[in-house]
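Numbering (this note's numbering), first residue to last: 479 to 841.
Positions of the beta carbon are idealized from the N, C-alpha and C atoms, including for glycine.
Before any comments, here is the structure.
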Amino acid sequence: MVFTIFLAATLLLAVLSLLPLWRHEAWWVRSLDFPRLQLFLISLALLVFESVWLDLSKFSTWSLFAASFFCLAYHAWWILPYTRLYPVEVVSAADTDEKRMIRIMTANVLTPNRNAEALIEMVHANEPDILITLESDSWWQSKLDALETDYPFAIKCPLDNLYGMHVYSKLVLSDSRIEFLVKPDIPSIHTLVCLPSGHNVRAHFLHPSPPSPSESWESSKRDAELVIVARSVVETDAPTIVAGDLNDVAWSATTRLFRKISDLLDPRVGRGLFNTFHADYWFLRFPLDHIFHSDHFALSRIRRLDGFGSDHFPLLTELVFEAGHRFQQNGLAEDQDDVSWAIAKADDENVDKNDVPQPGKIE
């Protein structure tokens, strides 16, 4: 009876672990990309319990051990890059010249949350150059507009569908556009940011819909938005930043595809998970809020901030632009299969990289 219970548990663990290898876009498949850390811990616990409760002299016990250990190692492979045991992907900044620094704070506010004062106090305490809010509606805009004395440059897209977006900036923004790249009710913001040094940075702020029964039955629209932005930004040599709540975990195959196609870097690699969701449940946390950048930047710091009533924690990132020099930093390399997969995802939703604005581009 005990062996049967462990056999069933091990088989279930194996199915949950391997099912995401299937590229099917159904929400119930793609959602299993998320709990890699949780499944790693379950695999570890299962190994411990099997060693205590099962007869170690039997081959069947060692067969279960092998299966559980495979699951443990498999999940470790996915999450290891987001630990300090892995080499950093983005170099640490040796110079912190304020004129070449850009400090970005992303915050999914959770539309029904009404604790705007806590977020505003957090902004004043951390003094980001740019604040990006997700899920911000007209009520949130009325509160966040109090920041305009210090943040005179703003891009506002208040919506009541959980996909409103706002950008408040101390730095000059130009050539700014709000686009609905894949779905007619889900915006993205694209702008050119001028650093105090005079250098321009192309910025894309995204919040695609997640694969879930309450949002999208498939991940195709989320994936297509990430793919066309990736295929657009890789064609420019301009310093580039992509940030937002991507509704995808850092280690998923689709986020890795975005990084491969875009040639952008992830400053979390080698530094930590920086789980930003869910703020209320410590045992169900995932890195959903992201910032990626071109190799024009080094990292000054990145940290998760305290909660303010939302289901997301804010993320604060400081990058330093190295004028006239591009760091030799290694991200993920694409292959032909990645390119074909990316093109297929865009074609499935009938969207194209040319749909993505390119702020600052001279026609």
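May I ask you to report which of helix, strand or coil DSSP gives residue i?
i	result
GLU528	helix
ASN678	strand
ASP453	Because the chain is modelled from 479 through 841, residue 453 falls outside the range shown and cannot be assessed.
THR482	helix
LEU489	helix
ASP825	helix
SER647	strand
ASP767	strand
ASP737	Position check: residue 737 holds Arg in this sequence, whereas Asp was assumed. DSSP places ARG737 in helix when its eight states are reduced to three.
LEU494	helix
LEU751	coil
LEU637	coil
Do the CB positions of residue i and residue j come within less than 9 Å of each other?
i	j	result
TYR646	GLU626	yes
SER521	PHE481	no
ALA820	TYR560	no
CYS672	SER652	yes
HIS768	ALA721	yes
PHE736	LEU704	yes
LEU515	LEU794	no
GLY787	ASN604	no
ILE582	LEU797	yes
LEU597	LEU622	yes
HIS644	ARG655	no
THR589	SER614	yes
ASP826	ALA702	yes
For residue i and residue j, which I take to be in contact (beta-carbon distance under 8 Å), what is that distance rounded to the nearest angstrom?
i	j	result
MET600	PRO792	7 Å
LYS738	ASP816	5 Å
THR733	ASP723	With a Cβ gap of about 12 Å, THR733 and ASP723 do not count as contacting.
THR714	ARG680	7 Å
At what residue ranges does the segment 580-634 contain a whole run of the beta strand (DSSP E), taking only runs of 3 or more?
608-612
Runs of alpha helix (DSSP H) lying entirely within the segment 654-733, each at least 4 residues, in chain order:
698-711
Give the list of continuous alpha helix (DSSP H) stretches no shorter than 4 residues that lie fully inside the segment 505-585.
The segment 505-585 contains these whole alpha helix (DSSP H) runs: 505-508, 514-531 and 537-557.
Under 8 Å: do the segment 681-701 and the segment 498-510 share three or more Cβ pairs, one atom per stretch?
yes
Counting pairs of Cβ atoms below 8 Å between the segment 703-710 and the segment 745-765, do you hit three or more?
Result no; under three Cβ-Cβ pairs closer than 8 Å.
Are three or more beta carbon pairs between the segment 738-754 and the segment 568-588 nearer than 8 Å?
yes
Three Cβ pairs or more, each shorter than 8 Å: is that satisfied between the segment 573-584 and the segment 672-681?
By the Cβ criterion, the segment 573-584 is in contact with the segment 672-681, since at least three pairs of Cβ atoms, one from each stretch, lie closer than 8 Å.
Is it the case that the segment 483-501 contacts the segment 538-549, given that we only count it when at least three CB pairs across the two stretches are under 8 Å?
yes
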